[in-house]
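*Asks:*
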Amino acid sequence: ILNVEQSPQSLHVQEGDSTNFTCSFPSSNFYALHWYRWETAKSPEALFVMTLNGDEKKKGRISATLNTKEGYSYLYIKGSQPEDSATYLCAFGDHSSASKIIFGSGTRLSIRP
Amino acid sequence: EAGVVQSPRYKIIEKKQPVAFWCNPISGHNTLYWYRQNLGQGPELLIRYENEEAVDDSQLPKDRFSAERLKGVDSTLKIQPAELGDSAVYLCASSLRPDTSLAKNIQYFGAGTRLSVL
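In order, the protein sequence lines correspond to chains Y and F.
Just add 2 to the spot in the first sequence (first one is 1) and you have our numbering.
Just add 241 to the spot in the second sequence (first one is 1) and you have our numbering.
1. Tell me which residues share the same chain as T89 (chain Y) and place their Cβ nearer than 6 angstroms to its Cβ, disregarding the 5 neighbours each side in the sequence.
2. At a CB-CB cut-off below 9 angstroms, which residues of chain Y make contact with L287 (chain F)?
3. Using only the alpha-carbon positions, how far apart do T70 (chain Y) and P10 (chain Y) sit?
4. In angstroms with no decimal places, state the Cα-to-Cα distance between Y274 (chain F) and S12 (chain Y).
5. On the CB-based measure, 16 or more other CB atoms within 10 Å of its CB, does R277 (chain F) come out buried or exposed?
6. What do you reckon, are the CB atoms on D96 (chain Y) and F23 (chain Y) nearer than 9 angstroms?
7. Does the beta carbon of E293 (chain F) come closer than 9 angstroms to any beta carbon on chain Y?
8. Under a three-way DSSP split, which group does L359 (chain F) fall into?
9. Could you tell me which of F:W263, F:Q258, F:P284 sits nearest to R250 (chain F), measuring between CA atoms?
10. Restricting to runs no shorter than 3 residues, where is the beta strand (DSSP E) found entirely within the region 250–322 of chain F?
11. Just to confirm the assignment, what range does the beta strand (DSSP E) spanning F105 (chain Y) have?
12. Short of 8 angstroms in beta carbon distance, which residues of its chain neighbour A295 (chain F), apart from the five on each side in sequence? Order them along the chain.
13. Would T42 (chain Y) and S82 (chain Y) qualify as a contact pair, given that the criterion is a beta-carbon distance under 9 angstroms?
14. Check G326 (chain F) in the structure and name its three-state DSSP category.
15. Who are the near neighbours of N55 (chain Y) in its chain, counting only those whose CB is closer than 7 angstroms to its CB and skipping five residues on each side?
16. Helix, strand or coil: how does DSSP classify D86 (chain Y) here?
17. Can you pull the chain F neighbours of K102 (chain Y), defined as C-beta to C-beta under 8 angstroms?
18. Which partner residues does A243 (chain F) have in the DSSP bridge list?
19. Assuming A329 (chain F) and N279 (chain F) are in contact, meaning their beta carbons sit under 8 angstroms apart, how far apart are those beta carbons, in whole angstroms?
20. Measuring alpha carbon to alpha carbon, tell me which of Y:S101, Y:L4, Y:V15, Y:G73 ends up nearest I79 (chain Y).
21. So, does the CB of Y331 (chain F) fall closer than 9 angstroms to a CB anywhere in chain Y?
22. Looking at the structure shown, is N346 (chain F) part of a helix, part of a strand, or coil, going by DSSP?
23. Hey, S336 (chain F) and S101 (chain Y): beta-carbon distance below 9 angstroms or not?
24. Rounded to whole angstroms, what's the CA-CA distance from E293 (chain F) to D304 (chain F)? Just pull it up for me.
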């Protein structure tokens, strides 16, 4: 059974502060690692998909890194804003099925004004 | 371009009643997924379609759940009869073919249907 773990489960951050959280996944048979942002009452939105060890992706104030050998990815948010409040989900895909991805339980981020 | 559309957004039913959810994927997306998200957990795959064929339904509780994707476009997910434990958010997603390397299987989600079974 593939296990994808995210930590922390929830996080409260003051507006303007930077933060980061972790996704751990199996290090064998790696295919891709996805990050999604899910705001309340909206659709989960794809942030990044990473495939190569050492990959770094950036989108505005949000960036992500990938270490496939040790099986973890970090998501960083610089200068948090209220609109960053959401649940951040990571999902792992392996080579056995390119279409199937396994989600972690998410990190729920709340930004305090 | 329209995104993935799901309806209804909310549904409240009594246990033992039937319920159905509908999904219209992004035009041109061959792969369609139904997920269930329980409170405090990540989405769990129920069924995946490639066009009209269900290629992975190993996690679908087949005694009470059924799904169809006629003509390989829209899809419906049905629960009959519903149980208290079925209360969850049901998400539909779609993606391009898995071998489209640039897409890398990015899944596009609808807003979900929040089901409450009383």
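In this text, a Cβ means the ideal position worked out from N, Cα and C, and glycines have one as well.
*Replies:* On the basis of the supplied data:
1. Looking up residue 89 (chain Y) in the first sequence gives position 87. The answer, listed in chain order, is W40, G108, R110.
2. By one-based count along the second sequence, residue 287 (chain F) stands at place 46. Here the premise fails: no neighbours, minimum Cβ distance about 12 angstroms.
3. As a position in the first sequence, residue 70 (chain Y) is number 68, starting the count at 1. As a position in the first sequence, residue 10 (chain Y) is number 8, starting the count at 1. Rounded to whole angstroms, T70 (chain Y) to P10 (chain Y) spans 20 angstroms at the Cα level.
4. Here residue 274 (chain F) refers to the residue found at position 33 of the second sequence. Here residue 12 (chain Y) refers to the residue found at position 10 of the first sequence. In a straight line, the C-alpha of Y274 (chain F) is about 27 angstroms away from that of S12 (chain Y).
5. What you label residue 277 (chain F) is simply residue 36 of the second sequence in a count that begins at 1. So R277 (chain F) counts as buried.
6. On the first sequence, position 94 is the one that residue 96 (chain Y) refers to. On the first sequence, position 21 is the one that residue 23 (chain Y) refers to. No, the Cβ-Cβ distance between D96 (chain Y) and F23 (chain Y) is not below 9 angstroms.
7. Indexing the second sequence from 1 puts residue 293 (chain F) at position 52. No, E293 (chain F) does not count as interfacial toward chain Y.
8. In the second sequence, the residue the question calls residue 359 (chain F) occupies position 118. The answer is coil: DSSP assigns L359 (chain F) none of H, G, I, E or B.
9. What you label residue 250 (chain F) is simply residue 9 of the second sequence in a count that begins at 1. If we check each option's Cα against that of R250 (chain F), F:W263 comes out closest.
10. 251–254, 260–265, 272–278, 285–291, 294–297, 306–309, 316–320
11. Along the first sequence, read from residue 1 onward, the residue named residue 105 (chain Y) stands at position 103. Segment 103–105, the beta strand (DSSP E) holding F105 (chain Y).
12. Numbered from its first residue, the second sequence carries residue 295 (chain F) at position 54. The answer, listed in chain order, is I288, R289, A308, R310.
13. For the purposes of this step, residue 42 (chain Y) is identified with residue 40 of the first sequence, where counting begins at 1. For the purposes of this step, residue 82 (chain Y) is identified with residue 80 of the first sequence, where counting begins at 1. No; because the gap between Cβ atoms is not below 9 angstroms, this pair is not in contact.
14. Locating residue 326 (chain F) in the second sequence gives position 85, counting from the first residue. Looking at G326 (chain F) - three-state DSSP - the assignment turns out to be helix.
15. In the first sequence, counting from the first residue as 1, residue 55 (chain Y) sits at position 53. Excluding sequence neighbours, N55 (chain Y) sits near L68, N69, T70, K71.
16. Walking along the first sequence from the start, residue 86 (chain Y) turns up at place 84. D86 (chain Y): helix per DSSP, three-state reduction.
17. Position 100 of the first sequence, counting from 1, holds the residue named residue 102 (chain Y). Under the 8 angstroms cutoff, chain F gives L286, R289, D297.
18. As a working mapping, residue 243 (chain F) is identified with position 2 in the second sequence. Partner(s): none; A243 (chain F) has no beta bridge.
19. The residue you call residue 329 (chain F) lines up with position 88 of the second sequence. The residue you call residue 279 (chain F) lines up with position 38 of the second sequence. Yes, they are in contact, since the Cβ atoms of A329 (chain F) and N279 (chain F) sit about 5 angstroms apart, within 8 angstroms.
20. Within the first sequence, numbered from 1, the residue matching residue 79 (chain Y) stands at position 77. Of Y:S101, Y:L4, Y:V15, Y:G73, the residue nearest in Cα terms is Y:V15.
21. Translated into the one-based positions of the second sequence, residue 331 (chain F) becomes position 90. It does not; no Cβ of chain Y falls within 9 angstroms.
22. Residue mapping note: residue 346 (chain F) aligns to position 105 of the second sequence, counting from 1. If DSSP states are grouped into helix, strand and coil, N346 (chain F) belongs with coil.
23. As a first step, residue 336 (chain F) is located in the second sequence; it is residue number 95 there, counting from the start. As a first step, residue 101 (chain Y) is located in the first sequence; it is residue number 99 there, counting from the start. In contact: S336 (chain F) and S101 (chain Y) (Cβ atoms closer than 9 angstroms).
24. The residue given as residue 293 (chain F) occupies position 52 in the second sequence. The residue given as residue 304 (chain F) occupies position 63 in the second sequence. Distance between the alpha carbons of E293 (chain F) and D304 (chain F): 21 angstroms.
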